[in-house]
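Trainee:
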Amino acid sequence: MLRFRLIPVAAALLWVLPCRAESNVGFAVLDLEHGENPIVVAVWYPTDADPKPHTYGGSTQGRVSVDAEPRAEGGPFPLLVFSHGYGGSGLGAVFLFEALAARGWIVAAPDHSDRHSAVRIRTGQQADFDRIGFLRHAREISESGPEDREAYLYRIEEMESTLAGVLASERFGKRIDPERIAVGGHSFGGYTALGVCGALPGRRDKRVQATLLFSTGAAGYLYRDAELAAVDMPSMYLLGELEKEDRRGEKTMTEIAERVHGLLPAPKYFLEVKGANHFSFNNRFSDTPGARRMSGTAEQFDVIRRYSIAFLEKHVLGSREADAVLDAPDPLLTRSERTR
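Per our numbering, residue 307 is the first one in the sequence shown, and the count goes up by one each step.
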């Protein structure tokens, strides 16, 4: 196993992603079939249409072509299905999703039907968001164990319906390569993603080739050791440096992350982002002073994006050039481990 601690290096020595012809980015919202209640899913994808400034959720700025036709050439394209954290939205990681689409990926991110949601794809910030109720239920989830998992299976089912629905959709189905699919998730979304990667008995989707995990403490208390060890695919786990200050019972969130990562089979990666907390993997969806801690900085987004894309391109697309990023130190990483 290769392990290295990071020291500052000159900006001229920083590794960047291998050059690729980048596409314009399209953005669409789909209603996908899921029992009696359709799932709202945000989709980013390559397009030839000219992009324009776009505001997501009321405050996050992007640049996309809304409802444009997907790019006709260059496909079929790889797919990432990404699950947001509890109370969040499919718009949570726009900083990553737009960049992936520009590099030829299709990204699908559903709005999960959590009990409390601060932001929704179509309607943005929720004026009636019950913050106290949200905190109470989030605490209830954090105190749960594998024996309580049935209450949260709705997320796994929504992940499965999102994957099936996008692959069957008229607009995107034929443009997706069914043999190049990854899943990912932040926080509670990491538990969700791992559910279709083999951690949940009987739910492994054989089409999924890799999993990208952002600060997913929930996976540490909702899955047993043997279940995490059954995830038979490459994984990358990113967390924030400041999570060593947050605790769940007697363990810090960093210790919980180390357990999850330690049980996942190789090849795998473990990255700690300097100055980041649990919420630094989200775009900001409020301009209030208190919301600043609920989002990452531009510098943190850059390092998260760069290593995430390199991981996906190596283990889903087979890119050898991605190793130049994955093996490189970065001053914004306080910890970086690669197990081959």
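In this text, a Cβ means the ideal position worked out from N, Cα and C, and glycines have one as well.
Mind checking whether Val370 and Phe403 have CB atoms under 7 Å apart?
Mentor: no
Trainee: Within 10 angstroms of its Cβ, does Asn589 collect 16 or more other Cβ (buried), or is it exposed?
Mentor: buried
Trainee: Excluding the five sequence neighbours on either side, which residues of its own chain have a C-beta within less than 8 Å of the C-beta of Phe401, listed in chain order?
Mentor: Asn589, Gly602, Phe607, Ile610 and Arg611.
Trainee: Between which two residues does the alpha helix (DSSP H) containing Asp299 stretch?
Mentor: No statement about residue 299 is possible, as the shown extent of the chain runs from 307 to 646 and does not include it.
Trainee: Compute the distance between the beta-carbons of Gly504 and Ala536, then report whether it is under 7 Å.
Mentor: yes
Trainee: Which term fits Asn583, buried or exposed, when burial requires 16 or more other beta carbons within 10 angstroms of its beta carbon?
Mentor: buried
Trainee: Return helix, strand or coil for Lys580, following the three-state DSSP convention.
Mentor: coil
Trainee: In angstroms with no decimal places, state the Cα-to-Cα distance between Tyr392 and Leu623.
Mentor: 30 Å
Trainee: Can you list, in chain order, the residues of its chain with a C-beta nearer than 7 Å to that of Asp538? Leave out the 5 residues immediately preceding and following it.
Mentor: Gly504 and Pro571
Trainee: Between Arg644 and Asp434, what straight-line distance do the alpha-carbon atoms span, to the nearest angstrom?
Mentor: 44 Å
Trainee: Looking at the secondary structure, which residues open and close the alpha helix (DSSP H) in which Lys620 lies?
Mentor: That run of the alpha helix (DSSP H) goes Ala604 to His621.
Trainee: Closer than 8 Å by C-beta to Met465: which residues in its own chain qualify, once you throw out the five before and the five after it? Chain order, please.
Mentor: If you ignore the 5 residues before and after Met465, its C-beta comes within less than 8 Å of the C-beta of Val387, Ser389, Pro416, Val489, Thr498, Ala499, Gly501 and Val502, all in its own chain and listed in chain order.
Trainee: Whole-angstrom Cβ separation of Ile487 and Val514, contact assumed at under 8 Å?
Mentor: 5 Å
Trainee: Less than 7 Å between the beta carbons of Ser493 and Ser450, yes or no?
Mentor: Taking 7 Å as the Cβ cut-off, Ser493 and Ser450 do not qualify as a contacting pair.
Trainee: Give me the Cα-Cα distance between Ile438 and Gln431, rounded to the nearest whole angstrom.
Mentor: 16 Å
Trainee: Which stretch, first to last residue, makes up the alpha helix (DSSP H) that contains Met539?
Mentor: Boundaries cannot be given for Met539, as no alpha helix (DSSP H) includes it and DSSP labels it neither H nor E.
Trainee: From Pro635 to His621, what distance separates their C-alpha atoms?
Mentor: Taking the straight line joining both Cα atoms gives about 20 Å.
Trainee: What are the complete alpha helix (DSSP H) segments, minimum 4 residues, inside the segment 449 to 503?
Mentor: 459 to 474 and 494 to 501
Trainee: Label Val372 either buried or exposed according to how many other C-beta atoms from any shown protein chain fall within 10 Å of its C-beta, with 16 as the threshold for buried.
Mentor: exposed
Trainee: Hey, quick one: how far does the alpha helix (DSSP H) through Ser644 stretch, first residue to last?
Mentor: Correcting the residue identity first, residue 644 is Arg in this sequence and not Ser. For Arg644, there is no enclosing alpha helix (DSSP H); the residue is part of the beta strand (DSSP E) that begins and ends at Leu639 to Thr645.
Trainee: Using the beta-carbon count (16 or more within 10 Å), is Ala254 buried or exposed?
Mentor: No answer is possible for residue 254: it lies beyond the span of the chain, which begins at 307 and ends at 646.
Trainee: Could you say which of Pro637, Val349 and Arg428 lies nearest to Arg477 if we only look at CA atoms?
Mentor: The shortest C-alpha separation from Arg477 is found at Val349.
Trainee: Tell me whether Ile447 sits in a helix, a strand or coil according to DSSP, three-state version.
Mentor: helix
Trainee: Across which residues does DSSP place Asp337 in a beta bridge pair?
Mentor: Val346
Trainee: Between Pro452 and Leu519, which are expected to be in contact by the criterion C-beta below 8 Å, what is the C-beta distance as a whole number of angstroms?
Mentor: About 18 Å; that fails the 8 Å criterion.
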